[in-house]
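Structure first, commentary second.
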Amino acid sequence: MERKIVEVVAAVIRDQDKIFATQRGYGEFKDGWEFPGGKIESGETPQQALIREIQEELDTEIEVGKLIDIVEYDYPTFHLKMHCFWAGIKKGDLILKEHEASKWLTKETIHSVEWLPADLGLIDRIEELL
Numbered sequence: 001m002e003r004k005i006v007e008v009v010a011a012v013i014r015d016q017d018k019i020f021a022t023q024r025g026y027g028e029f030k031d032g033w034e035f036p037g038g039k040i041e042s043g044e045t046p047q048q049a050l051i052r053e054i055q056e057e058l059d060t061e062i063e064v065g066k067l068i069d070i071v072e073y074d075y076p077t078f079h080l081k082m083h084c085f086w087a088g089i090k091k092g093d094l095i096l097k098e099h100e101a102s103k104w105l106t107k108e109t110i111h112s113v114e115w116l117p118a119d120l121g122l123i124d125r126i127e128e129l130l
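Just so we're aligned: the sequence shown equals residues 1 to 130 in full-length UniProt numbering.
Below, the structure is given as structure tokens:
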């Protein structure tokens, strides 16, 4: 059977040597930690999707930076293709509208949360760049 491909974007919001992580408050992966973002809607570029998603989820306006990586990961029921970008805060206070919790992590504390499998694939790469 052909596996469904889900294409999403994720923001690695950075403030100097810290990155912002969020904990899922719903769904199959509830309580797992991830970089905020979401699905790309038809007609959107990954960057546009990211700006919209962060505005919706965190009530914050971001500036999308360089693409860090495109992570491909096979979950049991779908294949995830995640475009991960550096991002900075333009305006807003990162208000959690859909997540349970959030943390600013440093290189030292980046492994202190239970990352979702696809996001985990990005951690080594981010560690090199922090």
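Positions of the beta carbon are idealized from the N, C-alpha and C atoms, including for glycine.
Since the structure is predicted, the reported quantities are computational estimates derived from the model, not experimental observations.
For this session: Put L94 into one of helix, strand or coil per three-state DSSP.
Result: For the purposes of this step, residue 94 is identified with residue 94 of the sequence shown, where counting begins at 1. Coil, per DSSP.
Exercise. Is K58 helix, strand or coil by DSSP?
Worked result: Taking the sequence shown and counting its residues from 1, one reaches residue 58 at position 58. Reading the sequence as shown, one finds Leu at residue 58 and not Lys. Helix.
For this session: May I ask which residues mark the beginning and end of the beta strand (DSSP E) holding I126?
Result: Counting from one through the sequence shown, the residue named residue 126 turns up at place 126. First-last for I126: 117 to 129, but that is the alpha helix (DSSP H), not the beta strand (DSSP E).
Exercise. The beta strand (DSSP E) spanning G38 covers which residue range?
Worked result: Counting from 1 along the sequence shown, the entry for residue 38 is found at position 38. Note, G38: beta strand (DSSP E), 37 to 39.
For this session: Give me the Cα-Cα distance between G92 and E114, rounded to the nearest whole angstrom.
Result: Against the sequence shown, residue 92 aligns to sequence position 92. Against the sequence shown, residue 114 aligns to sequence position 114. Approximately 26 angstroms, taken between the alpha carbons.
Exercise. Do the CB positions of I51 and I62 come within less than 8 angstroms of each other?
Worked result: The count along the sequence shown starts at 1 and reaches residue 51 at position 51. The count along the sequence shown starts at 1 and reaches residue 62 at position 62. It is a contact, given that the beta carbons lie within the stated cut-off.
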